[in-house]
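Since the structure comes first, as C-alpha cells, the remarks are kept for the end.
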Amino acid sequence: MQTLYNRSYVRFCSVDEIHGRNHMTRKIVVFLVLCMLAATFAGCGTKSTGGVATSDMAADQTVRYNLGVEPASLDPALAVGNPELGTLIQLFDGLTRNDKNNVPQPAIATSWDVSTDKLTYTFHLRDAKWSNGDPVTAPDFEYAWKRALAPETAGDFAYQLYYVKNGEAFNKCLVQDGKYYAAKVDANGNPVTTTVNGTAVPVADTTKPFDVSSVGVKALDDKTLEVNLEGPTPYFIDLTTYPTLFPVDKKVVETNPKWAAAPSTFVCDGPFKPTEWAHNDHLTMVKNDTYWDAATVRLTTVIYDMVEDESTALSMYQSGQLDAAANVPSSELKSLVASGDAQILPYLGTYYLNFNNSKKPFNDPRVRQALTLAINRQQIVDNVTKGGELPAMAFIPYGFPDATPNSDFRKVGGETYFKDNDIATAQKLLADAGYPGGKGFPAFTYLMNTSSLHKAIAEAIQQMWKKNLGITCTLKNEEWGVFLQDRDNLNYDVARAGWTADYMDPNTFLDLYITGGGNNDLGWTSKVYDQAIATEKATADQTARLKAMHLAEDTLMKDFAISPIYFYTNPVLLSKRVKDFYQGSIGFVDWKYAYMAPAGK
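Per full-length UniProt numbering, the sequence shown runs over residues 1 to 601.
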C-alpha cells in the first residue's frame, strides 16, 4: 500500500500556487487529489482484516487447539476449572476484558465511575448484542450475578461475588418453600443442625427471611449498572474480567435451565459462539458476527480438541491435525523448544497436593508435614516436568506485588516454609505421630485426574514416600469431571491439586480456604486464617491488607494443610503459522486477536 506521503505519487500544492489559476483548474486539482485519496483508502480496505494484510493471512482462518479435557460446564455460574474458564473467555465478554499485560480494559462497559469511599461502582454499558440478537443489558448482569450467588445454583466460584454487598449472606442462605432464610444459630452463634440420613444439616431461621434486592448489584436502567461493595476492594475491576461475573441472557436462561448444554440453545456475547459439541472429542466455535468488536476478530473458526494424552496430542500436532496444544510431553519439551514448536510461558500458579484434613491419619499435622518433607521437589522439576518450574516450599508463587513499590509478596514473606527433601525430619515426625518407619500407617489412595504428567509426578512421589517413610499408597486416576466431584466431596485421602491466579492479587489464592468456601476441598478450618482474610477484605490500606495475607499464608503453611510441589510454568505447543497468540501469566488463552498465516510464512 502506498502512503499519502510518497511525493512521487501525489504533490500537495500550496495556496500560493493554486491562487490565481482559473476555477476549472482548481476543480481538476481537487478532483484528482480526492480520487487518489479514495483509491488509496479503498486499497487499504481490500488488503487488511482486523489490521492485518490479507496477503499475510491464510485463506482458511481455522485454528485447532488441544484443550486436553472435556469442559464440565459452559455455564459461567458453574464453571470451576481452567478447561471451563478458558473456554468461556472465547464465548463471553464481561464488563471488562484483560489485555496482553493482564490489565482490564473496557469491554461491555465503556467506562465506570467510582465513589470517593471506593464502595460504589457505576458502569456505563455500550450497545452490544447477544448471539441471538438480543441486546446485552444491565439487567442481564444483575440477573447473572444474583444467579451465581443463589444457594440453589451451588456454584463453587460464587465466592468471587462475596465482595458485593450482602453477596456472601445471600449465598449462605437456606432455601425453604421457595424462599430464602438465614441459617439458624444458637445463643453462642453456633449453627443449629438437624440430622438427615446420618448427616448434620443446617436449619433455616424462618424469622429471618432474606431480601434478594439487598444484594449490591442493581440495574439503574438498561445501560447503567450500579455495584455496591462490602468494603474497598482494590482488585474489583480485575474481578470483572472473570467468567463468574460474565452476564447471561436473562430471557433465555429463565426459560431454559439447560441453555448451556448444547450449541443450539447456547447464547453468548463474546468473540465466538459454539456450533458443535461432540462430547469428549471436540468443541467447534465460530466467529460471532453479533459481537460488538467483531471487526477485530480474524479467526473464523476455533476448534477445541479434547485429547488427554500428551504424546497423542504431539503426534496430532506433528501431522498437522493440531495448531496448538495446552499439554506438552515433558520428555520432548527441550527439543520442541529448540525447534520453535513449543514455548515456555510465565504462569502464576502452584502445583500442590491436597490432604484430606478431616480424615485419619491426615488430620494429624505431623503426618502432613512428614509427607511434605519426604518429597524431593528439585528431582521432580529436573527429571519429570522439565519445564523450568521452580520447587515450591510455599503456596503463593512469585510475581504478586507486595505493599511497597517493586516488592514481591513471595520474597517479602520468605521464600520457603520448609526444607526440601528433609528426610530425617520427616522420619522423626512420622514416628512422633505413632508410625515409626511407616509401621501401622494405613493404606491410602493418591487421587489425580487423567494425564501422563500427573501420573509421572504421582509415581515419583509414591516412590519417595515408600523409600523415605516406608509407607505405601495406591494411585487412582479419574476423568476430569468425576475427579472434581470426588475432591469437592472430600472423597479422597491425598489428591493432586493446582491453582492459577484469577487476578493480580495474592487474595486470588488465599480466599480458597476460608471455612465454608466453595473451593475449600481440604476439610481444613482455621479461625486465625478466616479472620486474616476478613481483615484484608475490610480495608483499603495496602500495608494492612498484605500483612493480613502473609498471616493467612503462614497459618495455612505452618499447619501443612497442603503440600506445595512446584511453581508453574506454561509450556505450549504452537505452530509458527499461529500469529498474535496470547496467553498471559494468568493462564487463559485469548483467541480474539489471533490469526493463521499461510504455510511457509
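Yeah, the Cβ is synthetic: ideal placement off N, Cα and C, and Gly gets one too. Computed from a predicted structure; not experimentally measured.
Classify residue i as buried or exposed, calling it buried when 16 or more other Cβ atoms lie within 10 Å of its own Cβ.
i                 : result
proline 598       : exposed
lysine 273        : buried
alanine 38        : For alanine 38, the predicted model reports a pLDDT of 43, less than 50, meaning its position is unreliable; a value from the coordinates is still stated below. With fewer than 16 Cβ atoms within 10 Å of its Cβ, alanine 38 is classed as exposed.
lysine 592        : buried
glycine 340       : exposed
phenylalanine 581 : buried
aspartate 511     : buried
threonine 54      : exposed
methionine 596    : buried
glycine 600       : exposed
glutamate 254     : exposed
proline 397       : buried
proline 442       : exposed
glutamine 583     : buried
aspartate 590     : buried
asparagine 197    : exposed
aspartate 221     : exposed
asparagine 288    : buried
threonine 404     : exposed
Check each candidate in the options and name the one with the smallest Cα separation from residue i.
i                 : options                           : result
residue 602       : Val307, Tyr492 and Tyr446         : This structure does not reach residue 602, given that the chain is present from 1 up to 601, and the question cannot be answered.
asparagine 66     : Pro571, Gly167, Val215 and Lys208 : Pro571
leucine 484       : Val80, Ala158, Met393 and Ala150  : Val80
valine 52         : Ala77, Leu299 and Leu322          : Leu299
serine 518        : Gly94, Leu95, Ser115 and Leu161   : A quick correction: the sequence has glycine, not serine, at residue 518. Of the candidates Gly94, Leu95, Ser115 and Leu161, the one whose C-alpha sits nearest the C-alpha of glycine 518 is Leu161.
residue 605       : Lys601, Asp113 and Ala594         : This structure cannot speak to residue 605, because the chain is shown only from 1 to 601.
phenylalanine 400 : Gly481, Gly388 and Pro346         : Pro346
leucine 95        : Thr116, Ala128, Thr265 and Leu574 : Ala128
aspartate 505     : Trp480, Gln542 and Gly481         : Gln542
leucine 239       : Glu276, Val164 and Asp134         : Val164
lysine 439        : Trp465, Asp486, Ile344 and Tyr417 : Trp465
serine 585        : Gly86, Ala144, Asn102 and Asn82   : Asn102
asparagine 520    : Asp486, Leu322, Lys411 and Asn228 : Asp486
phenylalanine 509 : Pro104, Lys411 and Ile533         : Ile533
proline 209       : Asn228, Lys172, Asn188 and Thr233 : Lys172
lysine 179        : Val212, Asn188, Pro271 and Thr199 : Val212
alanine 138       : Thr116, Pro234, Gln105 and Val227 : Val227
alanine 326       : Asp99, Asn489 and Pro83           : Pro83
Taking C-beta to C-beta, are residue i and residue j nearer than 7 Å?
i                 : j                 : result
serine 330        : lysine 386        : yes
valine 136        : aspartate 309     : no
proline 247       : phenylalanine 141 : yes
residue 602       : alanine 370       : Any question about residue 602 goes unanswered here, given that the chain covers just 1 to 601.
arginine 368      : phenylalanine 560 : yes
lysine 118        : alanine 460       : no
threonine 194     : valine 201        : yes
tryptophan 130    : tyrosine 121      : no
lysine 476        : threonine 450     : no
tyrosine 351      : tyrosine 513      : no
arginine 366      : alanine 433       : yes
glutamate 389     : threonine 569     : yes
valine 328        : alanine 342       : yes
aspartate 75      : alanine 260       : yes
leucine 85        : alanine 324       : no
alanine 219       : threonine 153     : no
phenylalanine 355 : methionine 393    : no
Assuming residue i contacts residue j (C-beta within less than 8 Å), just tell me the rounded distance between them.
i                 : j                 : result
leucine 353       : alanine 497       : 6 Å
alanine 58        : arginine 577      : 7 Å
serine 563        : isoleucine 423    : With 8 Å as the limit, serine 563 and isoleucine 423 do not qualify as a contact, their Cβ atoms being about 15 Å apart.
leucine 225       : phenylalanine 123 : 4 Å
phenylalanine 588 : isoleucine 89     : 5 Å
glutamate 536     : methionine 557    : 17 Å between Cβ atoms; not a contact.
lysine 256        : threonine 265     : Note that residue 256 corresponds to asparagine in the displayed sequence, not to lysine. That belief holds up - the Cβ atoms of asparagine 256 and threonine 265 are roughly 6 Å apart, short of 8 Å.
valine 192        : valine 175        : That pair is no contact at about 17 Å.
aspartate 134     : lysine 258        : So it is not a contact: roughly 18 Å between Cβ atoms.
glycine 50        : alanine 295       : 7 Å
glycine 216       : alanine 538       : That pair is no contact at about 15 Å.
For residue i, verify whether its CB is less than 6 Å away from any heavy atom of the ligand MN.
i             : result
glutamine 378 : No copy of the ligand MN appears in this structure; indeed no ligand is present at all.
Examine chain C for any beta-carbon lying closer than 7 Å to the beta-carbon of residue i, and answer yes or no.
i          : result
valine 215 : The chain inventory of the structure shown lacks chain C, comprising one protein chain alone.
Open item on the list: Would the region 347–365 count as touching the region 481–495 if we require 3 or more Cβ pairs under 8 Å?
Closed with: yes
Open item on the list: Does the contact criterion of 3 or more C-beta pairs under 8 Å hold for the region 381–396 versus the region 518–532?
Closed with: no
Task: Stretch-stretch touch, CB-based, cutoff 8 Å, three pairs: the region 166–173 with the region 142–151 - done: yes
Open item on the list: For the structure I just gave you, are there three or more beta carbon pairs, one from the region 154–164 and one from the region 180–198, closer than 8 Å?
Closed with: no
Task: Contact the region 469–486 vs the region 498–508: 3+ CB pairs below 8 Å - done: no
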